[in-house]
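Yeah, the sequence shown ends on 314 if you go by UniProt numbering, and it's all consecutive. Here the structure comes first, spelled out in structure tokens, and everything after it is commentary.
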Amino acid sequence: MLTYVARRLGIGVLVFVAVTGISYVLYHVRGADSIAYRLLGADARPEEVEIKVHALGLDRSLPEQYAGWFGGLFRGDLGESFVSNQDVTAIMSTRVPVTLSLIAATLVLTLVFSVVLGVWAATRGGVVDRVIQVVSVIVSAVPGYWLALVLVIVFALNLGLFPATGFIPITETFGGWLSTIFLPSIAIALGAIFSLAVWVRSSIIDMRRQDFVRTLRSRGLSPRSIMYRHVLRNAAPSIVQMLGLQIIALLGGAIIVERIFALPGIGQMSLDAGLAGDIPVVLGGVAFFVVVIVIINIAVDLINGFLNPKVRIS
């Protein structure tokens with residue numbers, strides 16, 4: 001098991017280096033002068049541009065710049081903002097809890113409701129099964145930003161059940177935190193809930209056709225016991241794998257949702273920094289999301305390795 005964990009961690013580190021390295025090159029491909037002009041304005045004099053390039057350290061070679069940035073990660077130093085001259089780590093420290101709250105709430109909603117709906121569709125069949133499949137197709141076709149806008153208009157502006165914008169930390173009040181994070185989480189999770197529910201339903205139906213299930217029925221075990229102690233447990237590895245893929249896919253939607261609901265998270269920070277040409281802040285956001293994705297992948301692999309020893313062997 002330790003070898004399995006070490007191998008997954010090593011792959012995670014390689015993915016982080018590759019993604020951040022490619023992102024670093026792409027953001028610097030315009031050249032140092034272009035970046036300086038973006039910050040100073042098109043009317044900046046050449047000598048001002050030269051001074052700015054030197055001040056930002058953009059006159060060094062690209063590998064040297066990336067090595068310095070990557071080395072700073074181990075000290076918690078992500079550099080300084082090109083626009084505000086603030087420490088990027090300090091900027092992100094207040095925004096990370098917001099995005100992590102959004103991710104955690106989305107994960108809980110997706111896992112709970114998808115499993116409940118999937119088991120319901122697999123066991124009841126008929127109209128319930130068809131309705132869940134149809135709703136899954138419809139919701140999957142709806143853009144996330146459109147769904148977020150509808151939720152704001154209906155539940156925040158018209159009904160007044162939730163605040164339209166803003167964020168209240170959970171350390172201040174749990175009720176306030178829940179009210180500000182509920183609609184954004186629903187906007188992100190709704191498509192994944194029904195897509196994963198269909199996957200859960202298919203996995204359960206396939207598992208119920210296995211020979212060991214017929215053997216358990218012949219031994220007189222109750223349908224409830226067979227479902228929750230055997231069928232769902234054996235279907236769990238594929239469900240966990242799909243859940244990991246769904247959450248990773250939904251992280252991109254978090255950026256747009258944070259903008260719509262004015263959540264001061266990493267997604268909105270990265271979007272604003274990208275529009276302003278603030279490369280260190282953008283790279284800080286990229287590093288954060290890559291770390292989250294790597295952690296989710298490792299967690300999924302470890303859970304699957306625990307549930308299915310064959311995965312560890314392979």
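Glycine residues also receive a C-beta, built at the ideal position from the N, C-alpha and C atoms. Being a predicted model, the structure only gives us computed values, none of them experimental.
Local conformation of residue i per DSSP, three classes
i: residue 59; result: coil
i: residue 87; result: strand
C-beta neighbour in chain C for residue i, strict 8 Å
i: residue 145; result: Going by chain labels, chain C is absent from the structure shown, which holds only one protein chain.
Limits of the unbroken alpha helix (DSSP H) element including residue i
i: residue 223; result: 223 to 226
i: residue 168; result: Run containing residue 168: none; DSSP gives neither H nor E here.
i: residue 267; result: 266 to 276
i: residue 106; result: 96 to 124
i: residue 258; result: 232 to 260
i: residue 307; result: 279 to 307
Proximity winner among the options, relative to residue i (alpha-carbon distances)
i: residue 162; options: 146, 181, 173 and 170; result: 181
i: residue 14; options: 160, 295, 27 and 300; result: 295
i: residue 261; options: 89, 151 and 117; result: 151
i: residue 198; options: 137, 7, 43 and 50; result: 137
i: residue 62; options: 23, 48, 52 and 226; result: 23
i: residue 293; options: 228, 243 and 263; result: 243
i: residue 196; options: 173, 250 and 184; result: 250
i: residue 165; options: 174, 155, 171 and 172; result: 155
i: residue 318; options: 4, 194 and 172; result: Outside the modelled stretch of the chain, which goes from 1 to 314, sits residue 318, for which no answer is possible.
i: residue 287; options: 18, 7 and 2; result: 18
i: residue 32; options: 12, 56 and 43; result: 56
i: residue 282; options: 291, 266 and 297; result: 266
i: residue 10; options: 77, 306, 297 and 307; result: 297
i: residue 53; options: 44, 35, 41 and 42; result: 35
Within the chosen definition, does the segment 206 to 218 reach the segment 94 to 106 through at least 3 CB pairs nearer than 8 Å? No, they do not touch.
I'd like the ranges of any alpha helix (DSSP H) spanning at least 4 consecutive residues and lying wholly in the segment 143 to 225. Listed in chain order, the complete alpha helix (DSSP H) runs (minimum 4 residues) inside the segment 143 to 225 are 144 to 151, 174 to 208 and 211 to 218.
Ranges of the alpha helix (DSSP H) found wholly within the segment 6 to 52, counting only runs of at least 4: 32 to 40
Contact between the segment 70 to 83 and the segment 265 to 280: three or more CB pairs below 8 Å? yes
Do three or more CB pairs link the segment 124 to 144 to the segment 232 to 240 at distances below 8 Å? no
Between the segment 87 to 95 and the segment 166 to 178, can you find at least three pairs of beta-carbon atoms closer than 8 Å? no
On the three-pair Cβ rule with 8 Å, is the segment 185 to 194 touching the segment 106 to 113? yes
If you pair each beta-carbon of the segment 67 to 75 with each one of the segment 251 to 258, do three or more pairs fall below 8 Å? no
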